[in-house]
Each structure stands twice: as structure tokens, then as C-alpha cells.
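See below for the structure under consideration.
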Amino acid sequence: MKYKVPRGTRDILGSDMLVWNRVNDAIAKITALNNYQKIETPIFEQTDLFKRGVGENTDIVEKEMYTFEDKSQRSLTLRPEGTASVVRAFVENKLYGGRLPIKLFYNGPMFRYEKAQKGRYRQFYQFGIEALGSGDPGLDAEVISVGWQLLMDVGIDSEEVKVHINSVGCKECREKYKEKLIEYYQDKTESLCSNCKTRLDKNPLRLLDCKNESCGAMANKAPSIFDVICTSCDEHFSSVKRYLEVFNVPYVLDKRLVRGLDYYTHTAFEYRNQKATSTQDAFGGGGRYNGLVEELGGPQTPAIGLAMGVDRIVLALLEKQLPQEHLNFFVVSMGEEEVQRYATEVMQMIRQHGYSCDKDYGGRSFKAQMRLADKCNAEKAVIIGDEEMKNKTLTLKNLKEGKQEILLEKQLKQQLERGSLSV
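Okay, here's the thing in C-alpha cells:
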């Protein structure tokens, strides 16, 4: 029997992993710069957490969750998103009793039973930040800026992405807005797709982000939240826009943007890939969720977060054919065990000075080892044979320029310490 990865999953290998490392390194850097602390939550949680936290009427809960019973007949679900788990941890560990806002980030696998396609997987990777304990509009702008800066740092060009923003108002604004939408769509139900017909009574805001062409045309003419928004929500959103200018984040106002989760309030935003040719055009997004902590058993706590699809960012970077990662040194060694031990000693000395280095472990010929150094995109080769081992020397060759020089081992060590090589 031939075993294959399950549908909707894949192995991450070779040069692809180098791009993943590039993104993960950028995540670690930008979260540190903005003072977000890492949080790890379980891969699975009680099913009810996602039903209450994400929303009973969302596609995630209705169609996409991986839910199972354990041996004690408890209903558990592989996490389909990160926010509900972070809020559960915030409440359970009474983090609201400390200094606020608390700024957290996560980066790991999520699971949804979706139609597998390019950019959409059943096991996918998500990076997210959550800032809990402040309703300051400046914090909304900071969160949006973190996602924007991450995309810039990994190598996405500014013209390749647009930040779409909107307000979905407070609870009272949304109730008024839902009434307006139901009234607008009342005589148009026959033209709606089957999904939108179901959503109209349950969650009419979701009609605004339907990908169906006919539904999209109707949504473009639908009333806007700004027809009913209260003064407080309007002022909050205006302040967010002013702060985005301070953070130098370009944005477009998108009155159809509502996001797919029930917990959002006030600010909502998305990072749209301008080069995407399918409906899977968002690198990620987020928004405020001022009522979610209370919904999950904690005190009333304003909060905002974002989530970004690491898979989609990586796909966009792979299409750009970024410069290949390189190796600083490759040790080419010819001889018996004593020579190989000396070569290993030199390799370790190079690594201890902070340079990447590798050697052949397959007994290849000199020419084959030089080809391997080239395949590893090594900058320099360190060539060692019987004579070099006896004299504690080595030949240092610049593989880009062809220059080479014989050095004592201690001379190479001195050059590495200075950070300046002779060839």
C-alpha cells in the first residue's frame, strides 16, 4: 500500500522551507519590536468554545470544524482559528487582573474541513496577534500596521497588497443595520444564491461578502453601516483612520467589508493580494471584538486582533522567486578518518564564530564535493587533504570569484573573529 498525505495537507520541504523560515523569522522580529508576547494554546479545545466564540451561524461552525468525541464522550474540536483559544486562556488564567492591555501572538497550525485548493488547506498555518484590555483607536491602527509591516518585511511589494478597512459598529449599530439590510433584500430574495437565502434571517451582514456575481452586484447597492452608525462608533473609526496615517499604512474604505466571524465590532480590516486570480485573495485580516471576553465568561474587556494565513504569504513569495538562501562555507575534505576529524574540527570552529558551514558525509570525490558546494550555494570552500591536516593548514577558495589562498587554521580563526576574510 502506498501512503499519501491526507487531502488538504502537504509536506513542506527543501527550498519551500527556507521561505517558511523567512516568514517565521519576520514574525518573531516584528512581534518583539511591538512588544507582543508569544502564547501557545492546545491544538484541540471543547467544541462549545468555538460555537460560542466564533458563532453558531458561521460557515466555520456549521460546515468546517473537525469535531470528535474522546473516550469520555467529551466533544472536542481541532482549533479552526486562534482568537477563541487566546480569549479562553485570558479568562481562565485571569490575565485581566494584570497590566493591560496585554499583547499576545500565536503562530501555528489550524484545521478546517474546506474544499482543498491552492492557498486553502485543511491543515493551514496562521499567525495572529491579540491585544486585550484597551479600546484606544490607536491600538486598532497599531494592530493593522503590524500585519502591513510583516508583509513588507518578508518581501511583498506595497503595490501588491491593499488594506481594506470598515466599521461594523457596536451592537446597537449592527442591529439597526441588520434591519436595514433585511428591508433592502426583502424583494430580492429570488435573485439570491442558496447560501444568501439562508443567511438573510440568521446573519444578513454575511450577504455583503458573498462571492456570487449576482449577489455581489446587489451588495454593491445595499445600504451602508454609515447610514445608521452612532456618533461614538463614527468618531472611533475616524480616529483609527487618522492613526493609520501616523503609522504610514495606506488603506481603502470598503463599506462591504464585514469579515466572516460573528464576534467583530467596530473596526474590521483585510489585507488583499492584488495579484490573486481567485476568490482566495486575502493574506489575512481582523478587527475589534469588544464583547467576546464577556461572552466567554470574563469581565467586559475591549480587544482587537488580526490573523494572517502564513500559507498564502509563502505562496506569494514562492511566485516571486526570491534570492536563494546561501551557505557561508562548505568544507571539501579528501582522506581517511584522521583527515575527516580535522575537517570536522575546522567546520565546528567556523560554526562557533556564527557562520553557516557544512561538509560531505558521503565519501564523494573532490569534483563531486565541489559540485555539492555549488548546489548548496556556498560562498567559500575550505579544502582539506592529508598535507593540510599534517600542517594544520587549509585552502580557502572564494567560489564566486575563483580566488584562493592557503592559510593556517589559526589565521582563518583570526579572520573570522575580525569578520574580514582575505579571499
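Residue numbering for the sequence shown follows my numbering, beginning at 340 and increasing consecutively.
C-beta: ideal position from N, C-alpha, C; glycine also.
Going by DSSP, residue 371 is part of the alpha helix (DSSP H) stretching over 353-372. Taking the Cα positions, residue 627 is about 42 Å away from residue 665. By the neighbour-count criterion, in which a residue is buried when 16 or more other Cβ atoms sit within 10 angstroms of its Cβ, residue 741 is exposed.
Separation of residue 649 and residue 465 (C-alpha to C-alpha, rounded to the nearest whole angstrom) is 5 Å. Residue burial is scored here from C-beta neighbours: residue 381 has fewer than 16 other C-beta atoms within 10 angstroms and is therefore classed as exposed.
Per DSSP, the unbroken alpha helix (DSSP H) holding residue 656 starts and ends at 649-659. Taking the Cα positions, residue 625 is about 17 Å away from residue 586. Contact between residue 754 and residue 747 fails: their C-beta atoms lie close to 11 Å from each other, not under 8 Å. In this structure, 522 is the residue among 620, 522, 724 and 353 with its C-alpha nearest to the C-alpha of residue 544.
Partner residues in the beta bridge of residue 623, as assigned by DSSP, are 610 and 647.
Judged by beta-carbon spacing, residue 738 lies beyond the 7 Å limit of residue 723, meaning their Cβ atoms are not closer than that value. Taking C-beta separations shorter than 6 Å and ignoring five residues to either side along the sequence, the partners of residue 614 in its chain run 499, following chain order.
The shortest C-alpha to C-alpha distance from residue 556 to any of 488, 515, 503 and 530 is the one to 530. Residue 575 sits close to residue 476, with the two beta carbons spaced by under 7 Å. Here DSSP, grouped into helix, strand and coil, assigns residue 682 to helix. When secondary structure is reduced to three states using DSSP, residue 762 falls in the coil class, being assigned neither helix nor strand. C-alpha of residue 392 to C-alpha of residue 636: approximately 11 Å in a straight line.
The beta-bridge partner set that DSSP reports for residue 459 consists of 456. The beta carbons of residue 440 and residue 470 sit closer together than 7 Å. Between residue 640 and the set 659, 604, 667 and 658, the nearest pair of CA atoms involves 604. Beta-bridge pairing by DSSP links residue 720 to 669 and 736.
Annotated as proximal: residue 623 and residue 646, with beta-carbon spacing under 7 Å. Residue 506: member of the beta strand (DSSP E) spanning 500-506, first to last residue.
Close CB contacts of residue 535 within its chain, under the 6 Å cut and outside five residues either way in sequence, are with 546, 549 and 554 (chain order). In this structure, residue 632 lies away from residue 482, with their beta-carbon atoms at least 7 Å apart. With contacts defined by Cβ atoms closer than 7 Å, residue 445 and residue 467 form a contacting pair. When C-beta atoms of the segment 494-513 are compared with those of the segment 663-682, fewer than three pairs fall below 8 Å, so the two segments do not count as touching.
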